[in-house]
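Below: the structure, in structure tokens.
Residue numbers (our numbering): 623 to 723.
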């Protein structure tokens with residue numbers, strides 16, 4: 623997503639609620655929000671997609687440590703999750719830099 627529409631690179635903080643996902647073609651998931659659910663615990667969070675995860679399998683996402691910790695223990699490494707796209711809330715633990723230009 624970086625460099626799209628003249629955006630500068632973003633240095634993510636570990637507590638930002640952001641994610642990367644496998645995308646092909648037109649990068650249509652850039653800056654979309656998704657609700658991520660831990661299928662075992664039922665915990666949910668909202669994250670913003672800000673990057674491509676080339677190493678991710680289809681349907682998988684890469685979360686920052688802060689976002690992952692909100693869903694489960696970091697030492698688990700991988701969680702059984704489901705996700706769906708949602709409208710981005712006005713306030714969230716992510717940057718709003720895509721609207722700066």
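Every residue gets a Cβ at the ideal spot worked out from N, C-alpha and C, and that includes glycine.
1) What does DSSP give as the partner residue(s) for residue 634 in the beta ladder?
2) Using the C-alpha atoms, what's the distance from residue 640 back to residue 563?
3) Is residue 697 helix, strand or coil when you go by DSSP?
4) How big is the Cα-Cα spacing for residue 648 and residue 675?
5) Comparing C-alpha positions only, which one of 713, 682, 712, 706 sits nearest to residue 699?
6) What is the DSSP secondary structure of residue 715, reduced to helix, strand or coil?
7) Mapping the DSSP letters down to three states, classify residue 641 as helix, strand or coil.
Inspection of the coordinates gives the following:
1) Numbered from 1 along the chain shown, position 12 holds the residue referred to as residue 634. Answer is none; residue 634 lacks a bridge partner.
2) Any property of residue 563 remains undetermined from this structure, which presents the chain solely from 623 to 723.
3) As a position in the chain shown, residue 697 is number 75, starting the count at 1. If DSSP states are grouped into helix, strand and coil, residue 697 belongs with the helices.
4) Residue numbering aside, residue 648 sits at position 26 when the chain shown is read from its first letter. Residue numbering aside, residue 675 sits at position 53 when the chain shown is read from its first letter. Taking the straight line from one Cα to the other gives about 14 angstroms.
5) Numbered from its first residue, the chain shown carries residue 699 at position 77. Closest option to residue 699, Cα to Cα, is 682.
6) Position 93 of the chain shown, counted from the first residue, corresponds to residue 715. Residue 715: coil per DSSP, three-state reduction.
7) Within the chain shown, residue 641 is the residue found at index 19, counting from 1. Residue 641: strand per DSSP, three-state reduction.
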